[in-house]
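K.L.:
In this text, residue positions in the sequence shown follow the working numbering: the first is 382, and each later residue adds one. Note that the Cβ used here is the ideal one computed from N, Cα and C, for glycine as well. Every value quoted in this text rests on a predicted model; they were computed, and no experiment measured them.
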Amino acid sequence: MTDQLQIRLSDKLKAYNQQHLLKFWHQLDQAQRQQLADDIDSLDLQYVTQSFDKVIQASQNSQVKKDDRIMPLSDEVYCTLANIDNHRSDWETLGLDLIAQNKVAVILLAGGQGTRLGVSYPKGMYDVGLPSGKSLFQIQGERMLRLQQLVYQRTGKTATIPW
382 MTDQLQIRLS DKLKAYNQQH LLKFWHQLDQ AQRQQLADDI DSLDLQYVTQ
432 SFDKVIQASQ NSQVKKDDRI MPLSDEVYCT LANIDNHRSD WETLGLDLIA
482 QNKVAVILLA GGQGTRLGVS YPKGMYDVGL PSGKSLFQIQ GERMLRLQQL
532 VYQRTGKTAT IPW
């Protein structure tokens, strides 16, 4: 059966120039071969190939390449560590004003569950051994609360930073 399976898959893949997917077939045991066959059979190779060809064609036909549109940042939107102190006050004022206008939110990318750490909850809740015993999530939350307090002290406005 394996020889027939390999031949069937090879014929299917040949039509889409994807025969390399079977390169290590001979190193797989029967269960692994069946799993690979199931995975290949689950692919809509015609759709994938057509989509890929459309993207390649569009990128080749475009008058302006994406790389041609990439420009260096202007001096007004970035600084180096050497001159950060020259801008710190302006940026702090701008940031607090935006928070006061409720135009700031936080997206905290937590990196998934802590299964490799041996816990069943998000990594941001893991005790990393800080003297305070606080989690990384708690530290971030407290920082946002502090910013909201600073906004109130400086502007008299109550702001909320959603996260």
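Residue range of the alpha helix (DSSP H) that Gly522 falls in?
P.N.:
517-536
K.L.:
Taking Asp478 as part of the alpha helix (DSSP H), name the residues at either end of that continuous run.
P.N.:
469-481
K.L.:
Using a beta-carbon distance below 8 angstroms, is Gln482 in contact with chain D?
P.N.:
Looking for chain D here will not work: only one protein chain is present.
K.L.:
DSSP state of Gln494, grouped into three classes?
P.N.:
Strand at Gln494.
K.L.:
Mind the definition here: the segment 529-542 touches the segment 464-481 only if three or more C-beta pairs lie below 8 angstroms; say whether that holds.
P.N.:
yes
K.L.:
Nearest by alpha-carbon distance to Phe518: which of Leu489, Leu498, Gly499 is it?
P.N.:
Leu489
K.L.:
Measuring CB atoms only, is the segment 504-522 touching the segment 447-459, in the sense that at least three cross pairs come out at less than 8 angstroms?
P.N.:
Fewer than three pairs of CB atoms, one per stretch, sit closer than 8 angstroms, so the segment 504-522 makes no contact with the segment 447-459.
K.L.:
Hey, Leu386 and Ala418: beta-carbon distance below 8 angstroms or not?
P.N.:
In this structure, Leu386 sits near Ala418, with a CB-CB distance shorter than 8 angstroms.
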